[in-house]
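Okay, so the sequence shown: first residue is 159 according to the working numbering, each after it adds one.
Backbone N, C-alpha and C define an ideal beta-carbon position, used for all residues, glycine too.
Worksheet for the structure shown next.
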Amino acid sequence: MAAVLTVLGAAAGPVAGVLPASAVRADVPVTSVRIGQLDRGEGPAVPRVVGTAVVEGDRVLDVDADEVQLLGTSGEEYVVATWADGGSAVERVAADGSRSTVLDRVPYAVDLSGDGTRLVTTRTPSLRRTVLAVRDSTTGEVLVRRVFGAGAAVLDVDDGRVLVGQTGPARTLSWTVATDRVTRVAGRAGYAADISADRLAVFTAPVYDGGCTVLARLSAPRRTLWRSCEDAVLDISPDGRRVLTTGVYADGPLGRFHVDTARGRRVASYDSPGGFGVLGWEDARTVLVTASDRRGRSALVRCDAVGCERASGVVAP
Numbered sequence: 159m160a161a162v163l164t165v166l167g168a169a170a171g172p173v174a175g176v177l178p179a180s181a182v183r184a185d186v187p188v189t190s191v192r193i194g195q196l197d198r199g200e201g202p203a204v205p206r207v208v209g210t211a212v213v214e215g216d217r218v219l220d221v222d223a224d225e226v227q228l229l230g231t232s233g234e235e236y237v238v239a240t241w242a243d244g245g246s247a248v249e250r251v252a253a254d255g256s257r258s259t260v261l262d263r264v265p266y267a268v269d270l271s272g273d274g275t276r277l278v279t280t281r282t283p284s285l286r287r288t289v290l291a292v293r294d295s296t297t298g299e300v301l302v303r304r305v306f307g308a309g310a311a312v313l314d315v316d317d318g319r320v321l322v323g324q325t326g327p328a329r330t331l332s333w334t335v336a337t338d339r340v341t342r343v344a345g346r347a348g349y350a351a352d353i354s355a356d357r358l359a360v361f362t363a364p365v366y367d368g369g370c371t372v373l374a375r376l377s378a379p380r381r382t383l384w385r386s387c388e389d390a391v392l393d394i395s396p397d398g399r400r401v402l403t404t405g406v407y408a409d410g411p412l413g414r415f416h417v418d419t420a421r422g423r424r425v426a427s428y429d430s431p432g433g434f435g436v437l438g439w440e441d442a443r444t445v446l447v448t449a450s451d452r453r454g455r456s457a458l459v460r461c462d463a464v465g466c467e468r469a470s471g472v473v474a475p
């Protein structure tokens, strides 16, 4: 999920019996991540992009492009979106560095399924309509297409279904691809989810209209785990027990983020003089994040309960 948060949701009443995050959160010290002062550790155990290279463990695959975004893995290959020379593409990168084109243009949004076999592309032909297409992740061939309402966004793709958050009208929907059937999960617009971790985050109303975050089990969306009118979810750990959060009004470069339990207890907070880029999880307790300094240099950083270390070299701007 991007650091610039989208304002989602429709008006909804308060959730009874749930304490606000501030009532269960003890202050924790903020760790300042300064990449030039960190020791170098092992490479990332899961693939990440450092500069324009795909890095996993000791493997470094340089991609000749101006910008590279990792969508995930498919078999033994990496699926990436690339931008170069005014053009863009969705490509597969093999272990030997060879590349094959899946789509000759990066669409408005594109997501890869958890098993790596399907791409879901998003197109917005009008303010009231959003078109999602499920494609073969090798050929790019469209397998099925479906029209959703305004502001529809893919939250996760796994187990043969696409989880969709939609603002007009506010809904969270589950699209089963094999049967082309859509079912309603929640009457609020979801903005972050993880199917395998059984987690869904929604806004109760637009943020600037008093909306709050509610985190729940995807399988039981009415049973709230955590509610906050101060923070929003950025990413969910693989086991669903922790989340990365930031201030609900965050806009522009991400300067600070937090690690919280799914019940709202704050575990850690981090800031960086140059801000953070892509962030996520290496495992259920370890965070991987791209951090920058004031000179524009960046590095992949690993943080856990012990401390932080670099998981890559420092890359010049």
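Here's the rule: buried if 16 or more other CB atoms are within 10 angstroms of the residue's CB, otherwise exposed. What is residue i?
| i | result |
| --- | --- |
| Gln-195 | exposed |
| Leu-358 | buried |
| Thr-337 | exposed |
| Leu-373 | buried |
| Leu-285 | exposed |
| Ala-181 | Reliability fails at Ala-181, whose pLDDT of 41 lies under 50, so the model's placement of it is uncertain and no value is given. |
| Pro-202 | buried |
| Ser-271 | buried |
| Ala-469 | buried |
| Thr-362 | buried |
| Val-322 | buried |
| Val-459 | buried |
| Asp-243 | exposed |
| Ala-344 | buried |
| Thr-341 | exposed |
Given this structure, state the Cα-to-Cα distance separating residue i from residue j, to the nearest angstrom.
| i | j | result |
| --- | --- | --- |
| Ala-311 | Thr-280 | 8 Å |
| Ala-355 | Thr-403 | 16 Å |
| Pro-283 | Asp-197 | 48 Å |
| His-416 | Ala-426 | 6 Å |
| Ala-420 | Arg-385 | 10 Å |
| Ser-232 | Val-445 | 23 Å |
| Val-473 | Glu-467 | 15 Å |
| Asp-222 | Arg-380 | 47 Å |
| Val-186 | Arg-423 | 10 Å |
| Arg-304 | Asp-254 | 36 Å |
| Ala-239 | Val-264 | 7 Å |
| Arg-399 | Thr-259 | 37 Å |
| Arg-414 | Asp-451 | 13 Å |
For a quick check, are the C-beta atoms of residue i and residue j less than 8 Å apart?
| i | j | result |
| --- | --- | --- |
| Glu-440 | Val-208 | no |
| Val-320 | Leu-301 | no |
| Ala-347 | Thr-382 | no |
| Gly-438 | Ser-456 | no |
| Tyr-428 | Val-188 | yes |
| Leu-261 | Gly-230 | no |
| Asp-389 | Val-315 | no |
| Leu-228 | Val-212 | yes |
| Gly-119 | Ser-256 | This structure leaves residue 119 out entirely; the chain is present only between 159 and 475. |
| Val-484 | Gly-309 | Past the edges of the chain, shown from 159 to 475, lies residue 484, and the structure says nothing about it. |
| Ile-394 | Asp-352 | yes |
| Ala-408 | Val-191 | no |
Just grab the DSSP bridge partners of residue i for me.
| i | result |
| --- | --- |
| Cys-466 | Cys-461 |
| Gln-195 | Looking at the DSSP assignment, Gln-195 forms no beta bridge with any residue, so it has no partner. |
| Arg-287 | Ser-284 |
| Leu-219 | Val-212 |
| Arg-380 | According to DSSP, which records beta bridges pairwise, Arg-380 is partnered with nothing at all. |
| Ala-359 | Ala-350 and Leu-373 |
What do you reckon, is the C-beta of residue i under 7 Å from a heavy atom of the ligand HEM?
| i | result |
| --- | --- |
| Val-300 | By its list of ligands, the structure shown contains no ligand whatsoever, and the ligand HEM lies outside what it can speak to. |
Worksheet item: Which runs of the beta strand (DSSP E), 3 residues or longer, sit entirely within the stretch 223 to 250?
Response: With a minimum length of 3 residues, the continuous beta strand (DSSP E) runs that stay inside the stretch 223 to 250 are 225 to 232 and 235 to 242.
Worksheet entry | Continuous beta strand (DSSP E) assignments of at least 3 residues falling wholly in the stretch 388 to 472 | Whole beta strand (DSSP E) segments, 3+ residues: 389 to 394, 400 to 405, 412 to 419, 424 to 441, 444 to 450, 456 to 461 and 466 to 468.
Fill in: In chain order, each beta strand (DSSP E) run of at least 3 residues that lies wholly inside the stretch 271 to 357
List check, beta strand (DSSP E) in window: 276 to 284, 287 to 294, 300 to 306, 311 to 316, 319 to 325, 328 to 334, 339 to 344 and 348 to 352.
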